[in-house]
Amino acid sequence: MTTAPHVPAPPPGPGVYPPFPAPPVEGKGKRVGWSIGIAIGVVVLVCGLGTAALIGVAVASRGSYQERAHVAVSSYLNAVRSGKYDQAYNLLCDDAQDSESPAAFRARVSAEPVIESYTMGDLDLLTGAVPVDATYDDGSSAQLEAYLGVDSQTGTFEVCEIGE
């Protein structure tokens, strides 16, 4: 029987032992903490900017609604004051036009006192009403409400009713 040749063991190392049993982890928790903090900060910043943008859009659209409502009411009142009853009738919402013919509208409005001047308040978005302080040609005054509707085809405000 032949025996296998004996292989010698590797020579010993330089004799230096590592100072730590595992690589150092100094600051690892701090880096993770900073990373999480920065991520949360970015999320808060993005959400904050999104919220600010939504508020800005809401404020701008509210101003736009106010302006459009005032244009609708003043166009109607000016047409009635000028005796342009056909034009005023065309500024009425569909429900008002369906409930009253142009001739009946002309007869009713021409019999009412003429609004000589007026000032409008802010549109109430819940009720669709605009308060109107009206002064009639005979000197009397009244607080009216102009109720508005939205035209289904054009999306513009239209006067449905003006009453006390």
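All residue numbers for the sequence shown refer to the numbering used here, where the first residue is 1 and numbers rise by one. Don't be surprised by glycine CBs; every beta carbon is placed ideally from N, CA and C. Here the structure is a predicted model, which means the values were calculated and not measured.
- Counting along the chain, Ala111 sits inside the alpha helix (DSSP H) bounded by residues Pro102 to Ala111.
- A Cβ-Cβ separation of about 11 Å leaves Glu164 out of contact with Ala146 under the 8 Å criterion.
- Counted as a single uninterrupted DSSP element, the alpha helix (DSSP H) harbouring Asp94 occupies residues Asp94 to Ser99.
- Listed in chain order, the beta strand (DSSP E) runs fully inside the region 107-159 are 115-120, 129-136 and 141-150, counting runs of at least 3 residues.
- Between Val130 and the set Ser117, Tyr65 and Ser101, the nearest pair of CA atoms involves Tyr65.
- Cβ-Cβ separation between Val114 and Ala88: approximately 12 Å, too far for a contact (criterion under 8 Å).
- The three-state reading of DSSP puts Glu161 in strand, counting E and B together.
- Distance between Val150 and Gly128, taken at the CA atoms: about 9 Å.
- In the structure shown, Lys84 falls within a coil segment according to DSSP collapsed to helix, strand and coil.
- Taking all protein chains in view, the Cβ of Cys47 is surrounded by fewer than 16 other Cβ atoms within 10 Å, so the residue is classified as exposed.
- Cα atoms of Ser35 and Leu49: separation of roughly 21 Å, rounded to the nearest angstrom.
- Across the set Asn78, Ser101 and Asp98, the C-alpha of Asn78 shows the shortest separation from the C-alpha of Glu116.
- Rounded to the nearest angstrom, the gap between the Cα atoms of Asp122 and Ala72 is 13 Å.
- It is roughly 10 Å from the alpha-carbon of Val44 to the alpha-carbon of Thr51.
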